[in-house]
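Trainee: Pasting a structure here, questions to come.
Number of protein chains: 2
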Amino acid sequence: MPATSQAIQISKDCSDCPIRYRAVCARCETDEMELLESMKYYRDFEAGQTIVWAGDELNFVASVVDGIASLSQTMEDGRRQMVGLLLPSDFLGRPGRTIASYDVTASTAVTLCCFRRGPFEQMMNTTPHIAQRLLEMTLDELDAAREWMLLLGRKTAREKIASLIAIIARRNAAIAQHDHRSAFTFELPMTREAMADYLGLTLETVSRQVSALKRDGVIELRGKREVTIPDFFRLMDETGDDADGGPLV
Amino acid sequence: MPATSQAIQISKDCSDCPIRYRAVCARCETDEMELLESMKYYRDFEAGQTIVWAGDELNFVASVVDGIASLSQTMEDGRRQMVGLLLPSDFLGRPGRTIASYDVTASTAVTLCCFRRGPFEQMMNTTPHIAQRLLEMTLDELDAAREWMLLLGRKTAREKIASLIAIIARRNAAIAQHDHRSAFTFELPMTREAMADYLGLTLETVSRQVSALKRDGVIELRGKREVTIPDFFRLMDETGDDADGGPLV
DNA sequence: CGCAAGGTTGACGGTGTTCAATGTTCGTGG
DNA sequence: CCACGAACATTGAACACCGTCAACCTTGCG
Numbered sequence: 001m002p003a004t005s006q007a008i009q010i011s012k013d014c015s016d017c018p019i020r021y022r023a024v025c026a027r028c029e030t031d032e033m034e035l036l037e038s039m040k041y042y043r044d045f046e047a048g049q050t051i052v053w054a055g056d057e058l059n060f061v062a063s064v065v066d067g068i069a070s071l072s073q074t075m076e077d078g079r080r081q082m083v084g085l086l087l088p089s090d091f092l093g094r095p096g097r098t099i100a101s102y103d104v105t106a107s108t109a110v111t112l113c114c115f116r117r118g119p120f121e122q123m124m125n126t127t128p129h130i131a132q133r134l135l136e137m138t139l140d141e142l143d144a145a146r147e148w149m150l151l152l153g154r155k156t157a158r159e160k161i162a163s164l165i166a167i168i169a170r171r172n173a174a175i176a177q178h179d180h181r182s183a184f185t186f187e188l189p190m191t192r193e194a195m196a197d198y199l200g201l202t203l204e205t206v207s208r209q210v211s212a213l214k215r216d217g218v219i220e221l222r223g224k225r226e227v228t229i230p231d232f233f234r235l236m237d238e239t240g241d242d243a244d245g246g247p248l249v
Numbered sequence: 001m002p003a004t005s006q007a008i009q010i011s012k013d014c015s016d017c018p019i020r021y022r023a024v025c026a027r028c029e030t031d032e033m034e035l036l037e038s039m040k041y042y043r044d045f046e047a048g049q050t051i052v053w054a055g056d057e058l059n060f061v062a063s064v065v066d067g068i069a070s071l072s073q074t075m076e077d078g079r080r081q082m083v084g085l086l087l088p089s090d091f092l093g094r095p096g097r098t099i100a101s102y103d104v105t106a107s108t109a110v111t112l113c114c115f116r117r118g119p120f121e122q123m124m125n126t127t128p129h130i131a132q133r134l135l136e137m138t139l140d141e142l143d144a145a146r147e148w149m150l151l152l153g154r155k156t157a158r159e160k161i162a163s164l165i166a167i168i169a170r171r172n173a174a175i176a177q178h179d180h181r182s183a184f185t186f187e188l189p190m191t192r193e194a195m196a197d198y199l200g201l202t203l204e205t206v207s208r209q210v211s212a213l214k215r216d217g218v219i220e221l222r223g224k225r226e227v228t229i230p231d232f233f234r235l236m237d238e239t240g241d242d243a244d245g246g247p248l249v
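Right under this line is the structure:
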C-alpha cells in the first residue's frame, strides 16, 4: 500500500452531502442511506498526490466529494495519457476488481467518501438501487470517453484546447448557475502538463495554443490559471463541435 | 426509420446460441431465458449497411450474434472517428435512451438478436441478472475505450497499426484456440478507410504503415485483407505496449 | 537572495496529412 | 471472353502541424 496522508474526518451527515443526489447513493432510500452512512469513511488528498498506482491493490471504492482527480496510463517509455477525469459525485474503483488499472492522481485537493470493498459489494447485491445508479453512471462515463476519443483522434490542437476550456466552463456554470449570456470567469483546475496529458499534446503546444486563443480574444487570462470567457458562442465555434446542443445546458 | 433490409429468420433456440454465455443474457436462469426467447427477434444486415444513424430513434436493443459492427461519430466538416467496435456478444443500445448517439454500421455481415425497448427495460427492472451482466459488460467497454484513448493520444501511426492487428489477431486466436507459438493467419474484417477511422489516421497513412510492416517482415500479406503473423512477439514489440500481459491470452 | 516548479517563446525538423496519379480486384454487360 | 467501371488500395511529392530541444521568464517559498 502506498504511503498516503490520510485523515479520518469528523463523520458528516449524508443528508447534508453536496453530492447526495448525484453520486452512486443517489437513489437510495432512508434505510439504505443509514447503512451506507455507517460504512463510509472520508479520506483527504493534497493536490498532486497519488491516490493509487496502476497495479496496486485498491481495497476500497469511493465517491469524489470534493476536488478533481484524474485517471491516467503510462507507457514504458514515459508517454502518458489521461483517460478519465473524476469530478465531484464521480465514482472511483471497479466492483469486482481489486487491482487498480490506472494511476489515480489528485489534481486539486480531493476528499473521498470511501467504502471498503467487501461490504460495498455485498450491499450492491442486496440493494438494486446502488447497482442501478452505478450502471447509469458507467454508461455516462462511456459516453464521455467516446466523446474524448473523437477529440483525441480528430481534433486539432487549437480545437482540443477550446474543447477542454468549454468543458470546464460548462461544468462551472452548471454549478454556479451563471447567467448564460454574460462573460464569466473560473479557474483552470490543472497544470499545463496535466492539460497536455489529457489532450494528447505536449505542454509546449498547450502553452502556445492557450496563448493563441488569448491573442485572438477567444479567452482572457489573469495569471496562468484564471480564465474569462467573453463570448461563449465564440469559444464553441473554436471547439469544432456542432453549434447546437446549446452552451451551458 | 431508415430503410434497411431486414429478414426475420427462423426462430433459433437460445440454448444453441453461440453467445449464450457471453452476452447480456449470460447469467439468466432457465425461466428468464424462456421469457427472453419469447421476446427476441433476429435481424440481418449486409456488410457496409448502416444499422442506425446518430440522432435517429432506436426502438430496440440487441446483442451482436455474428459479424462486426462499428460505432462512429462524424464532425460537421466530415472528419470521422470510430468510437467502438461491436463484436459477437456485445450489446447495442443504451437502456433508457431512445435516440442513438452514434452511427452504427455493419463492417461485415451482421446478425442481431433484438429486443423491443419497452419489454426489455421492464425485464431489467424485475430480473437483476440482466442488469448485473450489463454493468459488467459496460465496465469492460469502458476499459477498452480507455485503452483506445491511449492509442489515439500517444501512439505513432506504426504502433497504432500494429496494435489494431494485434487486437484482431488476439480475438481470432481466442476463438480458434490456436497454438500460441505458430504463425497464424486471419482476415482483416475492415477496409483501410475503416481502419483509418478507428485509428485516427488517414487511409493513406494506414496503407503506408501496413506496407512498412510488411516490408519489415512483421506481417505477411496475401491480397489486401489476409494477414499472416510469423512472430507474435515481434508484432507485440511494435505496438508500444508492455511486453507482458502475454500474447493470445 | 536563490532556487525550484511551472510556464512561455523561438527555431527547427519529423511525422502524418493533403492532393494527385496509378494500380488492383471484381462484378457486369456487350 | 474480354472490356469497362466502381470500389478499394498503393505510392509519390509537397507541405503543415505539432513535437523536440533549448533558452528564458514568472512566481512563490525557504
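Residue numbers (full-length UniProt numbering), protein chains in the order written: chain A, 1 to 249; chain B, 1 to 249. Glycine included, each C-beta is placed from N, C-alpha and C at the ideal position.
#1: Quick one: which chain A residues come within Cβ less than 7 Å of A145/B?
#2: From what residue to what residue does the beta strand (DSSP E) around Q81/A run?
#3: Going by Cα to Cα distance, which pick from E187/B, L152/B, L151/B is closest to G67/B?
#4: Measuring only between beta-carbons, confirm whether A131/A sits less than 8 Å from chain B.
#5: If you draw a straight line from the alpha carbon of L151/A to that of Q73/B, how long is it in whole angstroms?
#6: Closer than 9 Å, Cβ to any Cβ of chain A: which residues of the region 89-112 of chain B, in chain order?
#7: Per the contact definition of three or more C-beta pairs closer than 8 Å, is the region 118-132 of chain A in contact with the region 75-87 of chain A?
#8: For Q81/B and R154/A, what's the separation of their Cα atoms in angstroms?
#9: Which class does L112/A belong to by DSSP, given the choice of helix, strand or coil?
#10: So, do the region 156-169 of chain B and the region 198-209 of chain B have three or more beta carbon pairs nearer to each other than 8 Å?
#11: Using a Cβ cut-off of 9 Å, pull out every chain A residue sitting near G240/B, in sequence order please.
#12: With respect to the beta strand (DSSP E) encompassing V218/A, which residues constitute its N-terminal and C-terminal limits?
#13: Comparing alpha-carbon positions, which option in G217/B, L203/B, T202/B, I99/B lies nearest G55/B?
#14: So, does the CB of V206/A fall closer than 8 Å to a CB anywhere in chain B?
#15: Would L71/A and L86/A be called neighbours here (beta carbons separated by less than 8 Å)?
#16: Would you say R222/B faces chain A, with C-beta separation under 8 Å as the test?
#17: Inspect the beta-carbon positions of A62/A and C114/A and report whether they are closer than 8 Å.
#18: With 16 other CB atoms within 10 Å as the buried threshold, where does F232/B fall?
#19: Please state the DSSP three-state secondary structure of Y42/B.
#20: Roughly how many angstroms separate the alpha carbons of E226/B and R171/B, rounded to a whole number?
#21: Note down the Cα distance separating R43/B from S38/A, rounded to an integer number of angstroms.
#22: Just checking: is the beta-carbon of T202/A within a distance shorter than 8 Å of some beta-carbon in chain B?
#23: If you check the beta carbons only, do F91/A and M137/A fall under 8 Å apart?
#24: Express the C-alpha separation of L199/B and V218/B in angstroms, rounding to a whole number.
#25: Can you name the residues that DSSP bridges to A62/B?
#26: Taking C-beta pairs closer than 8 Å, name the residues in chain B that P128/A reaches, listed in chain order.
#27: Of the choices K224/A, R20/A, M149/A, T202/A, whose alpha-carbon is the least far from that of D197/B?
#28: Mind pulling the chain B residues with CB within less than 7 Å of L135/A?
#29: State buried or exposed for T239/A, treating a residue as buried only when at least 16 other CB atoms are found within 10 Å of its CB.
#30: Determine the direct distance from the alpha carbon of R234/B to that of A69/B, and round the result to whole angstroms.
#31: Give me the chain B residues within the contact set of L152/A, using Cβ-Cβ distance strictly less than 8 Å, ordered along the chain.
#32: Can you tell me whether T30/B is helix, strand or coil according to DSSP?
#33: Using a beta-carbon distance below 8 Å, is G118/A in contact with chain B?
#34: Quick one: give me the first and last residue of the beta strand (DSSP E) that I229/A is part of.
#35: If we define contact as Cβ-Cβ less than 8 Å, is V65/A a contact residue for chain B?
Mentor: To lay it out plainly:
#1: L142, A145, R146, M149
#2: 80-86
#3: E187/B
#4: yes
#5: 11 Å
#6: R94, P95, G96, R97, S101, Y102
#7: no
#8: 7 Å
#9: strand
#10: yes
#11: M75, E76, D77, R79
#12: Note, V218/A: premise wrong, no beta strand (DSSP E); not H, not E.
#13: I99/B
#14: no
#15: yes
#16: no
#17: yes
#18: buried
#19: strand
#20: 15 Å
#21: 50 Å
#22: no
#23: yes
#24: 19 Å
#25: L92/B, C114/B
#26: P128, A131
#27: M149/A
#28: A131, L134, L135, T138
#29: buried
#30: 29 Å
#31: M149, L152, G153, G200
#32: helix
#33: no
#34: 226-229
#35: no
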